[in-house]
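> Would you mind keeping the following structure in view while I ask a few things?
Protein chains: 2
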Amino acid sequence: MNAKETLFTISKKTGYSMSTISRVLSGQAKKYRISNKAITIIRKEAERSNFSPNLIARSLKLKKTCTIGLSIPAIDNPFFSNLAGRVIAHMKDYGYNILLADTMENERNERDALMSFMSRNVDGIIAVPVSPYSVMVESIVKSVPTILIDRYYEDSKLSYVCTDNYAGSYSATQYLIERGYKKIHAIQGTSTSMPNKERVRGFNDAIAAHKSEGVQGSVSGSSFSVENGISETLRIMSGKVRPDAIFAFGTTILLGVINTIKSMGLSVPDDVALISFDDNLFFDYMDPPITRVAQPVAEISHLASDILLKMINGEVDEDEVCKMQLLPKLIHGRSC
Amino acid sequence: MNAKETLFTISKKTGYSMSTISRVLSGQAKKYRISNKAITIIRKEAERSNFSPNLIARSLKLKKTCTIGLSIPAIDNPFFSNLAGRVIAHMKDYGYNILLADTMENERNERDALMSFMSRNVDGIIAVPVSPYSVMVESIVKSVPTILIDRYYEDSKLSYVCTDNYAGSYSATQYLIERGYKKIHAIQGTSTSMPNKERVRGFNDAIAAHKSEGVQGSVSGSSFSVENGISETLRIMSGKVRPDAIFAFGTTILLGVINTIKSMGLSVPDDVALISFDDNLFFDYMDPPITRVAQPVAEISHLASDILLKMINGEVDEDEVCKMQLLPKLIHGRSC
DNA sequence: AAATTTTGCGCAAACGTTTGTAACCCTTAT
DNA sequence: ATAAGGGTTACAAACGTTTGCGCAAAATTT
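These protein sequence lines map, in sequence, to chains A and B.
Residue numbers in the first sequence follow my numbering, run continuously in steps of one, and reach 982 at the last position.
Residue numbers in the second sequence follow my numbering, run continuously in steps of one, and reach 982 at the last position.
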């Protein structure tokens with residue numbers, strides 16, 4: 647309705663200069679020895695006219711936007727929406743807003759998002775990258791504090807914090823072995839992604855460590871999708887060596903597996919045991935509740951946010967690369 | 647690494663003035679009759695130095711940020727994360743970025759978020775409000791195009807688009823009645839929220855319309871939470887008139903219901919039928935798959951975004967209030 | 001050859017802040 | 001009386017864009 651208030655309009659109203667008003671309203675009154683009289687007059691007028699400073703102008707001047715760019719591959723994936731929620735909440739506590747981009751697992755979208763973040767002068771970037779490491783990503787990202795989550799590039803200069811996928815996978819596999827399962831099949835997701843690679847490695851190592859006990863393991867699959875879970879389950883359960891346990895490397899894969907197993911008239915865990923990577927509220931309410939390796943989303947988000955804040959505040963060396971892997975947690979259902 | 651490029655630095659490099667460079671780089675070359683020679687030189691230098699315009703400065707000048715503020719109550723709720731994803735994707739197509747706030751159902755957070763949006767001069771706001779309608783909300787929001795989703799205020803000037811909760815609830819109830827259920831209990835969420843009110847109304851009307859057939863209905867409950875689902879189910883299933891069908895007004899409520907019913911040793915749908923409001927990927931993979939009323943999230947998001955864009959572009963009258971209710975869809979599981 | 005038009009480009013103000021510096025007024029000490 | 005000093009406030013430049021206007025040179029017309 648009424649035109650936007652600015653320092654100028656308040657200046658006209660109160661007779662004080664814009665500088666004085668700026669200082670009062672940004673809490674610098676003491677420092678510049680503004681009189682109490684001026685303070686009260688200015689405060690009152692600001693209050694009355696519902697003044698709020700133009701952060702765009704302030705950002706331009708201060709070269710600080712108090713904005714973080716957050717780029718994730720798929721917000722409808724609970725893991726990522728959870729992540730986003732944590733980051734948003736944490737950053738809000740420090741006065742930062744979040745520009746959110748959903749890249750939909752698409753490199754072009756990611757590129758657009760990062761470019762946009764840069765153009766908008768975000769103070770920092772948190773990203774779950776989808777693109778292969780390339781000069782592009784690095785060049786885009788090297789001029790602004792950036793931290794990766796979940797996925798990362800092995801020997802790059804980009805800091806990251808993620809789940810210890812190797813350990814999680816290893817311990818889940820070992821858990822199955824301890825429960826007496828001998829023929830374990832893992833259904834993997836996108837085979838090129840680092841988390842997936844690590845899960846495969848952990849799985850294989852655990853199997854290898856118990857080879858003498860007659861434990862056999864196999865891995866197949868190609869994407870983090872329900873369809874992949876369905877087709878792989880169909881294939882392996884009708885093969886000649888039917889596994890007695892299946893390790894789904896992701897929530898969506900698991901759904902496909904369950905669905906297929908039930909439609910085949912088999913039961914969990916009697917005919918085949920099930921364990922999954924990633925957590926979900928629904929897992930506890932399924933029949934049976936699903937045993938899974940839960941990534942420490944809260945801790946990851948928290949840690950990544952804190953590290954980024956430190957980078958922004960210059961409390962961490964320019965070229966100090968930070969690589970953190972957090973241990974996931976095994977949550978017991980009754981699917982094994 | 648290297649200092650940020652600006653029009654000024656390119657000006658020094660090429661010898662052309664900042665105005666000329668600005669016009670070339672913003673595609674206004676033709677309009678201002680810039681020579682091809684200048685265009686190529688400037689383009690090349692911009693390319694070489696990886697120039698990207700400072701959108702903060704541009705925003706300040708143009709009074710347009712190409713940013714939309716999106717405020718939702720809980721991003722870990724699939725309904726809202728889905729919503730957010732749709733809005734983000736849609737707005738991206740029109741060159742807008744999204745500032746996302748998760749209010750966590752907290753009025754103070756919402757207030758902060760909206761204030762922040764205003765200070766940051768967003769071009770428009772999409773919100774799922776949590777606060778009661780008040781002068782505050784209106785005053786915050788009246789100076790920038792705003793549209794509400796899901797929840798709304800009956801006779802306010804704020805436009806909204808949401809599900810036709812009344813119709814959805816009515817048809818779900820009627821569906822139960824048609825399947826022969828006679829004693830139907832609805833477990834509601836936050837009783838003050840408009841969607842909940844409408845669902846109750848739809849439920850009651852459907853029941854009333856079939857009263858002559860001996861259909862009885864009742865409503866209880868107090869929040870959209872698993873706990874509420876649990877406690878209400880426990881209470882009603884151990885009461886003297888045990889319902890033969892339960893209508894859960896939300897996903898989380900449903901989870902509580904299922905869990906309790908199973909732990910009581912009852913089965914769905916033989917002992918009691920189940921139907922739910924809101925959709926979820928997991929519903930199809932539960933045992934049995936859940937019959938539910940799915941809100942048309944995609945359509946809502948799309949429509950709301952489009953309306954907001956029109957408001958921003960001045961293609962809709964200043965004080966024309968837009969109220970849209972979209973029909974939800976009944977998705978058949980096997981829980982009835 | 002003069003007048004007019006076209007072409008190509010630069011000047012400078014403006015957007016709303018922040019902040020170093022200067023300046024004013026009023027005491028108080030010299 | 002003058003200087004010194006503390007308490008208050010204002011001036012003006014800067015952040016990086018965009019754009020109305022104006023101007024010179026080249027091209028065209030008369």
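Just so it is clear, CB atoms sit at the ideal spot from N, CA and C, and this is done for glycine as well.
Quick caveat: nothing in here was measured; it's all calculated off a predicted structure.
Check whether chain A comes within 9 Å of F803(B), counting only Cβ atoms and requiring the distance to be less than that.
Within the second sequence, the letter at position 157 stands for residue 803(B). In the sequence on display, residue 803(B) carries Lys and not Phe. No, K803(B) lies away from the interface with chain A (no Cβ there is under 9 Å from its Cβ).
> Beta-carbon separation of G875(A) and L901(A) under 9 Å?
For the purposes of this step, residue 875(A) is taken as residue 229 along the first sequence, with counting starting at 1. For the purposes of this step, residue 901(A) is taken as residue 255 along the first sequence, with counting starting at 1. Their beta carbons are under 9 Å apart, which means G875(A) touches L901(A) by this criterion.
> Taking beta-carbon pairs under 8 Å, can you tell me which members of the segment 698-712 of chain B lie near chain A?
Those would be S698, P699, N700, L701, I702, A703, S705, L706, T711, in chain order.
> Would you report the Cα separation of G814(A) and G814(B), rounded to the nearest angstrom?
Against the first sequence, residue 814(A) aligns to sequence position 168. Against the second sequence, residue 814(B) aligns to sequence position 168. Spanning the two alpha carbons is a distance of roughly 43 Å.
> Apart from the five residues just before and just after R827(A), which ones in its own chain have a Cβ nearer than 6 Å to its Cβ?
Within the first sequence, numbered from 1, the residue matching residue 827(A) stands at position 181. At residue 827(A) the sequence reads Tyr, which differs from the Arg that was named. Closer than 6 Å at the Cβ level, and outside the excluded window around Y827(A), lie D890, A891, A919.
> Check whether the Cβ of M647(B) lies closer than 9 Å to any Cβ atom in chain A.
Locating residue 647(B) in the second sequence gives position 1, counting from the first residue. At M647(B), the pLDDT of 48 sits below 50, so the modelled position is not reliable and the matter cannot be decided from this model.
> Should L973(B) be flagged as near chain A, meaning a C-beta pair shorter than 9 Å?
By 1-based counting over the second sequence, the position of residue 973(B) is 327. No, L973(B) lies away from the interface with chain A (no Cβ there is under 9 Å from its Cβ).
> So which residues of chain B does K690(A) contact, with C-beta pairs closer than 9 Å?
Along the first sequence, one-based indexing puts residue 690(A) at 44. Here the premise fails: no neighbours, minimum Cβ distance about 18 Å.
> Can you name the residues that DSSP bridges to I892(B)?
Residue 892(B) sits at position 246 when you count from the first residue of the second sequence. I892(B) is bridged to H831(B), L920(B).
> Using the three-state DSSP reduction, which class does I744(A) fall into: helix, strand or coil?
Here the question's residue 744(A) lines up with position 98 in the first sequence. The answer is strand: DSSP assigns I744(A) an E or B state.
> Grouping DSSP H, G and I as helix and E and B as strand, with all else coil, what is L972(B)?
Your numbering for residue 972(B) matches position 326 in the second sequence. DSSP places L972(B) in strand when its eight states are reduced to three.
> Could you name the residues of the same chain whose beta carbon sits closer than 6 Å to that of G770(B), not counting the 5 residues immediately before and after it, in chain order?
To locate residue 770(B), count along the second sequence from 1; it is residue 124. Hits under 6 Å: I714, P791, L954, I958.
> Rounded to a whole number of angstroms, what is the C-alpha to C-alpha distance between E651(A) and G661(A)?
Residue numbering aside, residue 651(A) sits at position 5 when the first sequence is read from its first letter. Residue numbering aside, residue 661(A) sits at position 15 when the first sequence is read from its first letter. Taking the straight line from one Cα to the other gives about 15 Å.
> Looking at the structure shown, is L912(A) part of a helix, part of a strand, or coil, going by DSSP?
Position 266 of the first sequence holds residue 912(A). Coil, per DSSP.
> With H, G and I counted as helix, E and B as strand and the rest as coil, what does DSSP make of T713(A)?
For the purposes of this step, residue 713(A) is taken as the residue at position 67 of the first sequence. Of the three classes helix, strand and coil, the one that applies to T713(A) here is strand, per DSSP.
> Taking the DSSP output, what are the residues bridged to E937(B)?
The residue you call residue 937(B) lines up with position 291 of the second sequence. For clarity, residue 937(B) is Thr in the given sequence; the question names Glu instead. In the DSSP output, where bridge partners are listed per residue, T937(B) has I921(B).
> Could you pull out every residue in the same chain whose Cβ sits closer than 7 Å to the Cβ of F697(A), ignoring the five residues on either side in sequence?
One-based indexing of the first sequence puts residue 697(A) at position 51. Cβ within range, chain order: E651, I656.
> Between V787(B) and L760(B), how many whole angstroms is the CB-CB distance? I'm expecting something under 8 Å.
Start at 1 with the first residue of the second sequence, and residue 787(B) comes out as number 141. Start at 1 with the first residue of the second sequence, and residue 760(B) comes out as number 114. Right, the Cβ-Cβ distance comes to about 6 Å (below 8 Å), so this counts as a contact.
> Considering only DSSP beta bridges, list what S805(B) is partnered with.
Here the question's residue 805(B) lines up with position 159 in the second sequence. DSSP output for S805(B) lists I793(B) as bridge partner(s).
> Do P935(A) and G979(A) have their C-beta atoms within less than 9 Å of each other?
Taking the first sequence and counting its residues from 1, one reaches residue 935(A) at position 289. Taking the first sequence and counting its residues from 1, one reaches residue 979(A) at position 333. Yes; because the gap between Cβ atoms is below 9 Å, this pair is in contact.
> From T686(B) to R754(A), what does the alpha carbon distance come to, in whole angstroms?
Sequence index remark: in the second sequence, residue 686(B) carries index 40 (1-based). Sequence index remark: in the first sequence, residue 754(A) carries index 108 (1-based). If you take the alpha carbons of T686(B) and R754(A), they lie about 26 Å apart.
> Using a Cβ-Cβ cut-off of less than 7 Å, give me the residues of the segment 888-905 of chain A that come near chain B, in sequence order.
The residues in question are L901, I904, N905.
> Say whether chain A places a C-beta atom closer than 9 Å to the C-beta of I833(B).
As a working note, residue 833(B) is residue 187 in the second sequence. No, I833(B) lies away from the interface with chain A (no Cβ there is under 9 Å from its Cβ).
> Quick one: is G911(B) near chain A, going by C-beta distance under 9 Å?
As a working note, residue 911(B) is residue 265 in the second sequence. Not closer than 9 Å to any Cβ of chain A, the Cβ of G911(B) fails to qualify, so no.
> Between V846(B) and S866(B), what straight-line distance do the alpha-carbon atoms span, to the nearest angstrom?
Mapped onto the second sequence, residue 846(B) falls at position 200. Mapped onto the second sequence, residue 866(B) falls at position 220. Rounded to the nearest angstrom, the two C-alpha atoms are 10 Å apart.
> Would you say A720(A) faces chain B, with C-beta separation under 9 Å as the test?
Within the first sequence, the letter at position 74 stands for residue 720(A). For A720(A), the answer is yes, since a Cβ of chain B falls inside 9 Å of its Cβ.
> Could you name the residues of the segment 921-938 of chain B whose beta carbon sits closer than 8 Å to any beta carbon of chain A, in the order they occur along the chain?
Under the 8 Å Cβ criterion, the segment 921-938 of chain B contributes N926, L927, F928, D930, Y931, M932, D933.
> In chain order, what residues of the same chain have a beta carbon less than 6 Å from the beta carbon of M647(B), not counting five sequence neighbours either side?
To locate residue 647(B), count along the second sequence from 1; it is residue 1. With a pLDDT of 48 at M647(B), under the threshold of 50, the modelled position of that residue is not reliable, and no figure is offered here.
> In the structure shown, what three-state DSSP assignment does S947(B) receive?
For the purposes of this step, residue 947(B) is identified with residue 301 of the second sequence, where counting begins at 1. If DSSP states are grouped into helix, strand and coil, S947(B) belongs with the helices.
> So with CB distances below 7 Å, who are the chain A contacts of G731(B)?
If you number the second sequence from 1, residue 731(B) lands on position 85. By Cβ distance, chain A contributes I721, D722, D748.
> How would you write the range of the alpha helix (DSSP H) that G814(B) sits in, first residue to last?
Residue 814(B) sits at position 168 when you count from the first residue of the second sequence. From DSSP, the alpha helix (DSSP H) with G814(B) extends over 811-824.
> With a 10 Å radius around its C-beta and 16 neighbouring C-beta atoms as the bar for buried, classify V861(A) as buried or exposed.
Here the question's residue 861(A) lines up with position 215 in the first sequence. That one is buried.
> Can you tell me where the alpha helix (DSSP H) with A692(A) in it begins and where it stops?
Taking the first sequence and counting its residues from 1, the one referred to as residue 692(A) is at position 46. Where A692(A) is concerned, the enclosing alpha helix (DSSP H) stretches over 682-694.
> Can you say whether V967(B) is buried or exposed, counting buried as having 16 or more other CB atoms within 10 angstroms of its CB?
Sequence index remark: in the second sequence, residue 967(B) carries index 321 (1-based). It counts as exposed.
> Please report the distance separating the alpha-carbon of S951(B) from that of T836(B).
Residue numbering aside, residue 951(B) sits at position 305 when the second sequence is read from its first letter. Residue numbering aside, residue 836(B) sits at position 190 when the second sequence is read from its first letter. So the two alpha carbons sit approximately 27 Å from each other.
> Taking 9 Å as the CB-CB limit, is N767(B) close to chain A?
For the purposes of this step, residue 767(B) is taken as the residue at position 121 of the second sequence. Closer than 9 Å: yes.
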